[in-house]
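Just so you know, the sequence shown maps onto residues 2 to 594 in our numbering.
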Amino acid sequence: MDLGFTDWTIISLFVLITFLIGFRFKKSSSKSIHDFFLGGRNLPWYIAGLSMVATVFVIDGPAMITEIVSKKGISGNWIWWSLLIGGTFTTFFLANLWRRANVLTEFEFIELRYSGKVAAFLRGFKSLYFTLFLNILIIAWVSVAMINILRVFFNLPDLQLYIYLAIAMFIAAAYSVLSGLKGIAFINVFQFVITLAGSIVISAAILASYKISGISGLKIQLNEISADYLNYFPKITFSGGSSVPAFSISITALLAYLGIQWWASWTPQYEPGGGGYMAQRIMSTKSEKESIIATLFYQIVNYAIRPWPWIIVGLCIIILYPQTSDGDEKMNYYIAAGQYMPYGFSGLLIITLFGAYMSVISAQLNLGASFLANDVYKRFIVRKEKFKDDKRKNKHYVLISKLITILLMGISLYVATFFESITDIWEFLIACSSGLGLVLILRWFWWRINAWSEITAITVPFILVYIINLFADVEFPDNLFIITGGTTFATVLITYLTPADNKEVLEKFCQRIKPIGFWGKYSQFSPKYPVRYFLALFMSWISSIIMIYSFMFFVGKLIFGEYLPAFGWLLAAIIYFAFLRGAMKVIFSQGSG
């Protein structure tokens with residue numbers, strides 16, 4: 002791919018606008034560590050919501066979804082569509098609680114909820130584990146994906162590719178240090194608009210190619226191969242095998258995805274308890290009401306709008322590259338983009354790639370730095386009591402936060418050079434976190450959960466995965482039943498064998514959070530919520546799931562020109578939106594305002 006003057010102009014404008022936005026928030030981000038990592042808790046709901054979408058708009062996302070669709074058709078997306086159930090649970094049951102907690106990070110929450118030295122240990126351990134292992138692993142993953150994509154487009158030597166990667170990571174780190182979370186969030190929105198526009202242009206260009214001949218040509222050719230490629234729902238089988246494996250799913254796998262994965266397994270992008278990027282942006286919103294609206298907005302855009310350009314390309318690839326060997330499908334998205342993008346659009350393609358890459362990198366660097374600065378350095382090394390006045394304290398902690406961000410960039414870039422492919426790690430991580438999600442949810446609703454419960458839920462899955470791999474031949478996702486069951490049993494057992502948290506800590510938690518659920522004698526410190534409030538929560542949860550899926554199918558049917566089914570799905574979305582709106586009015590009237 003050759004870049005001309007117009008392409009370099011587009012790339013330069015992209016970088017310039019990025020830094021202009023960063024400079025806009027330079028002063029406000031340096032006031033305190035809260036301003037640097039939470040944007041002063043003043044983000045508008047739409048900025049927070051779109052920033053959430055941008056942080057999961059990973060560079061490998063188009064390739065992953067394209068691979069799924071080219072192998073299993075549209076219905077293959079239920080592998081990740083099922084996570085909407087957990088996402089909407091977080092929206093209505095946890096988002097306002099995260100905002101109400103008034104903590105800087107999700108790991109600071111640990112010492113708000115639990116007590117004693119074990120809580121302090123858990124806070125420090127999770128901060129180091131996430132930042133120095135998972136956080137760097139995520140950055141390495143997206144960096145390797147970026148290297149592979151650049152190699153497809155430019156066929157350059159590895160050294161030169163790593164130089165380009167270093168430049169992109171440096172830019173992301175620079176504006177992260179410059180503007181803090183608030184600037185990152187606004188830059189994320191700009192990057193999301195660019196990357197979504199680029200994805201639409203790529204899908205439109207491939208559709209317009211003579212081999213596809215538009216949506217009608219795509220449908221005709223796919224129906225000649227198998228109409229199942231266009232199905233939105235997979236065929237259900239009662240065994241692991243099937244005569245049409247590409248378009249079917251066993252009943253056990255279906256139960257694992259819809260009944261277990263969304264609440265049991267932790268992943269960096271879809272945490273059942275609403276942690277990670279999501280918690281940080283929830284806590285940065287203006288109010289509890291806006292935290293709920295922002296999270297709902299994220300679910301709608303992330304599931305109903307974001308993936309359709311990639312799905313279209315995945316279907317086109319079935320026609321364009323029918324002989325692709327296993328393991329090579331992921332690169333087909335970028336091969337097709339490079340081959341069919343119109344002349345003069347190369348610059349847009351490049352900023353689409355780098356926009357997606359930098360949105361994740363900046364989010365990871367800022368989030369990881371918040372854990373090291375707030376939950377390790379400020380908590381255990383240089384405590385706030387050592388400072389004579391707030392001005393010196395704030396200046397010191399902001400400086401440390403910026404230095405940590407730069408340090409993490411250097412470590413991540415170095416680690417990325419050691420990986421070639423880490424795809425298999427993700428199934429391993431999901432399996433090794435099965436059961437942890439339950440604790441991350443229950444700690445908001447049950448007084449008896451303690452720090453030992455969470456430690457058990459972190460460690461037991463690793464042991465069970467090792468045992469299963471050693472003595473049994475049970476693959477993902479069927480192994481989730483064993484791992485989740487064993488982890489849940491061990492967690493409940495340890496919960497009852499270890500002492501409950503300190504009385505004063507639980508009282509303070511209930512007074513601040515005002516939780517619903519099973520709080521025993523501590524319920525006296527929370528409001529007496531009426532029955533209609535609980536009904537409204539569940540109505541909001543269920544109706545939002547149906548509304549978003551309906552809207553997602555409406556968008557798909559509209560794209561494919563199937564207007565009557567599209568109208569049916571739109572009508573369903575409108576009806577359940579009405580239910581949702583009524584239920585949300587009840588929720589907001591009860592204090593989530």
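Note that the Cβ used here is the ideal one computed from N, Cα and C, for glycine as well.
On a predicted model such as this, the values are computed, not experimentally measured, just so you know.
- Counted as a single uninterrupted DSSP element, the alpha helix (DSSP H) harbouring threonine 7 occupies residues 6 to 25.
- Contact check for valine 399 against isoleucine 34 passes: the beta carbons are separated by less than 8 Å.
- DSSP places lysine 522 in the helix class (H, G or I) of the three-state scheme.
- Counting along the chain, no alpha helix (DSSP H) covers threonine 499, and no H or E run does either.
- Rounded to the nearest angstrom, the gap between the Cα atoms of asparagine 78 and glutamate 68 is 10 Å.
- Between arginine 101 and leucine 197, the C-beta gap is not smaller than 8 Å, which leaves the two residues out of contact.
- Taking isoleucine 547 as the centre and dropping the five residues before and after it, the same chain places the C-beta of Tyr577 closer than 6 Å to its C-beta, in chain order.
- For glycine 184 and glycine 356, the gap between their C-alpha atoms comes out near 15 Å.
- The beta-carbon distance between valine 153 and tyrosine 335, rounded to whole angstroms, is 5 Å. This is short enough to meet the 8 Å contact definition.
- Serine 541 and leucine 256 have their C-alpha atoms roughly 23 Å apart.
- Burial of phenylalanine 93 is indicated by the presence of at least 16 other C-beta atoms within 10 angstroms of its C-beta.
- Within the DSSP bridge table, the entry for leucine 44 names Thr286 as partners.
- Each residue's CA atom was taken as its position, placing valine 532 and cysteine 511 some 19 Å apart.
- One alpha carbon belongs to glutamate 112, the other to valine 314, and they sit about 47 Å apart.
- Distance between phenylalanine 388 and serine 180, taken at the CA atoms: about 25 Å.
- Secondary structure note for threonine 353: it is in no beta strand (DSSP E), and the uninterrupted alpha helix (DSSP H) holding it is 347 to 371.
- In this structure threonine 418 touches tyrosine 163 by the C-beta definition: roughly 7 Å separates them, less than 8 Å.
- Using a Cβ distance threshold of 8 Å, tryptophan 309 and isoleucine 442 do not count as a contacting pair.
- Between isoleucine 201 and methionine 147 a beta carbon distance of about 21 Å is seen, past the 8 Å cut, so the two are scored as non-contacting.
- Under the DSSP definition of a beta bridge, tryptophan 447 partners with Phe519.
- Secondary structure of phenylalanine 510 (DSSP, three-state): helix.
- Here the alpha carbon of glycine 5 sits roughly 42 Å from the alpha carbon of alanine 280.
- Sequence-distant partners of serine 29 (beyond 5 residues in either direction) whose C-beta falls short of 7 Å from its own C-beta, in its chain, are Asp36, Gly41, Lys183.
- When only Cα atoms are considered, isoleucine 543 and leucine 14 end up about 44 Å apart.
- Shown here, threonine 106 sits in coil according to DSSP, grouped into three states, outside any helix or strand.
- Taking the Cα positions, isoleucine 172 is about 10 Å away from methionine 410.
- Per DSSP, reduced to three states, the secondary structure at valine 59 is coil, with no helix or strand assignment.
- The beta carbons of phenylalanine 519 and tryptophan 447 sit closer together than 8 Å.
- Between isoleucine 549 and isoleucine 301, the C-beta gap is smaller than 8 Å, which places the two residues in contact.
- Around the beta carbon of tryptophan 311, a 10 Å sphere encloses 16 or more other beta carbons of the protein chains shown; the residue is thus reported as buried.
- In the DSSP assignment, lysine 118 falls within the alpha helix (DSSP H) that extends over 117 to 130.
- With at least 16 other beta carbons inside 10 angstroms of its own, leucine 366 counts as buried.
- The alpha-carbon separation between threonine 492 and phenylalanine 463 amounts to approximately 14 Å.
- The beta carbons of glutamate 508 and tyrosine 530 sit no closer together than 8 Å.
- Under the criterion of beta carbons closer than 8 Å, serine 402 and alanine 370 qualify as touching, at roughly 5 Å.
- In the DSSP assignment, tyrosine 165 falls within the unbroken alpha helix (DSSP H) covering 159 to 208.
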